[in-house]
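Remarks on the structure that follows.
Residue numbers (my numbering), protein chains in the order written: chain W, 89 to 262; chain S, 89 to 262.
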C-alpha cells in the first residue's frame, strides 16, 4: 500500500485553501465588528522583512498552483499580485482551486521520480525529484505561508483556532 | 509509481526538526550578541492565547513522535514538557529524532488504509485513515508549530530566512 502523489498534494491544497478562505471570512467579520479598515489587516506582518497578509495569501495560492502544475508537467499560469481587498483574495483562492482541479492527477501520480526544474528567485533554478519536490519544497512552503497568514490574523486579534487552520479534514470524532 | 507512507513522513520530520535545531542555534547566538536572557525568547508568543516558543518546539517534536508512532502502530512515549533552556529544547529535538529512527518504516508503509485512533484534547478521540491522518492532521500540525516557532523568533529580530526553515533539503541549484 502506498500514497499516490496526487493524493498527497491535490486534496491537501484544496483543504488548506478552503480553510484559508474561511479564515479570511472571519477576518472580514472582525474588521467589520471592530470598524477596522480591512486594508490594515492586509498590510499587517509579523516582522518588517516578512510578507504582509495579502502577499502570504498570494504565496500560499502560488505554492499550490505552481507546485501542482510542475508535478503535472505543465508550466503554471502567472497570476498578477494585485489583490487589495479580502474579497479579491478570496477570489484568488477560488481561481487557484479551480485551476488546480484542471490538472491531470495521473500525470502527477507519475511524477515521483521525474526531475522537476523550477525558478528559485529571479535568476536561479532548483532541481528536485518529484517526490522530494512535493515533500521537501512545495508542502513546507505551502504550510509556511498558510500558517503565516493565520498567525498574522491571530496576532491581530481575530478569533480563530486550530480547527480553522486545519479546515474540513476527513476525521471522525468520538 | 507512488510515495511510501514512510517516505512522506520520516525524512520530512527529520529535515524539519534538524532545521528547527539550527534555528534555535541562531536564536542562542542572537540572545548572546544582544545580551538578552534566552528565557525571554522561550516565553515569547505571537498572541496571548497562542503557545510561547518553548511549547511550539515541544509541540513540533510531539507531532513527529506521536504521528510517526501511531502510523507504526506503536503507542508513543510521553515526554514531559519541562525544558527551560535552548540547550534543553535542542536535546528534546535530538531525543525525538533518535526515537523516530527506532520506528519500523515497513509498519508505517502498511498504515495507509488502517484506522488510526488518537487523543483529541483531554477526553476526546479522533479517528482517521492512516493516509488522511498523515496528510490532513500530522503534517499540517507539524508545519503549523514549526512555522510558529520560526515566526516567533523572526518577530523577535532573529535573522533567519526561508532556507533556515526548509533545512537541508535534497535540492540541486543552478
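Idealized CB from N, CA, C, for every residue including glycine.
All of these numbers come straight from a predicted model, not from anything done at the bench.
- Here the alpha carbon of residue 126 of chain S sits roughly 22 Å from the alpha carbon of residue 250 of chain S.
- The beta carbon of residue 130 of chain S sits closer than 6 Å to the beta carbons of 141, 142 from its chain, once the five residues preceding and following it are set aside; these are given in chain order.
- The beta carbon of residue 200 of chain W falls within 8 Å of a beta carbon belonging to chain S, placing the residue at that interface.
- Residue pairing from DSSP places residue 205 of chain W in a beta bridge opposite W:215.
- Residue 222 of chain S carries a helical assignment under DSSP once its states are collapsed to helix, strand and coil.
- For residue 242 of chain S, the C-beta contacts it makes with chain W under 9 Å involve 134, 135, 137, 138, in order along the chain.
- Between residue 96 of chain S and residue 223 of chain W, the C-beta gap is smaller than 8 Å, which places the two residues in contact.
- Within the segment 121-186 of chain S, complete alpha helix (DSSP H) segments of at least 4 residues are found at 126-130, 141-159, given in chain order.
- With a threshold of 8 Å between beta carbons, residue 213 of chain S makes contact with chain W.
- Comparing alpha-carbon positions, the option among S:120, S:188, S:260, S:247 lying closest to residue 153 of chain S turns out to be S:188.
- At a cut-off of 8 Å between beta carbons, residue 231 of chain S contacts chain W.
- Taking 8 Å as the upper bound for CB-CB distance, residue 98 of chain S and residue 181 of chain S are not in contact here, some 15 Å apart.
- With respect to the C-alpha of residue 146 of chain W, the residue from W:119, W:176, W:157, W:221 having the closest C-alpha is W:176.
- Comparing alpha carbon positions, the residue from S:192, S:243, S:257 closest to residue 219 of chain W is S:257.
- With a threshold of 8 Å between beta carbons, residue 164 of chain S makes no contact with chain W.
- Taking 7 Å as the cut-off between beta carbons, none of the residues of the segment 175-187 of chain S comes near chain W.
- For residue 241 of chain S, the enclosing alpha helix (DSSP H) stretches over residues 227-243.
- For residue 262 of chain S, the closest of W:156, W:158, W:255, W:211 by C-alpha to C-alpha distance is W:211.
- Assignment of beta-bridge partners to residue 91 of chain S by DSSP yields W:91.
- Against chain S, the beta carbon of residue 261 of chain W has neighbours under 9 Å at 208, 212, 213, 214, 215, listed in chain order.
- A direct Cα-Cα distance of roughly 42 Å separates residue 113 of chain W from residue 123 of chain S.
- No residue range can be given for residue 192 of chain S, since it is assigned to no alpha helix (DSSP H) and is classified by DSSP as neither H nor E.
- Ranked by Cα distance from residue 169 of chain S, the options S:161, S:185, S:148 are led by S:148.
- For residue 220 of chain W, the nearest CB of chain S lies under 8 Å from its own CB, placing it at the interface with that chain.
- Residue pairing of residue 251 of chain W in beta bridges, as defined by DSSP: absent, with no partner found.
- In terms of Cα proximity to residue 137 of chain W, the closest of S:243, S:161, S:204 is S:243.
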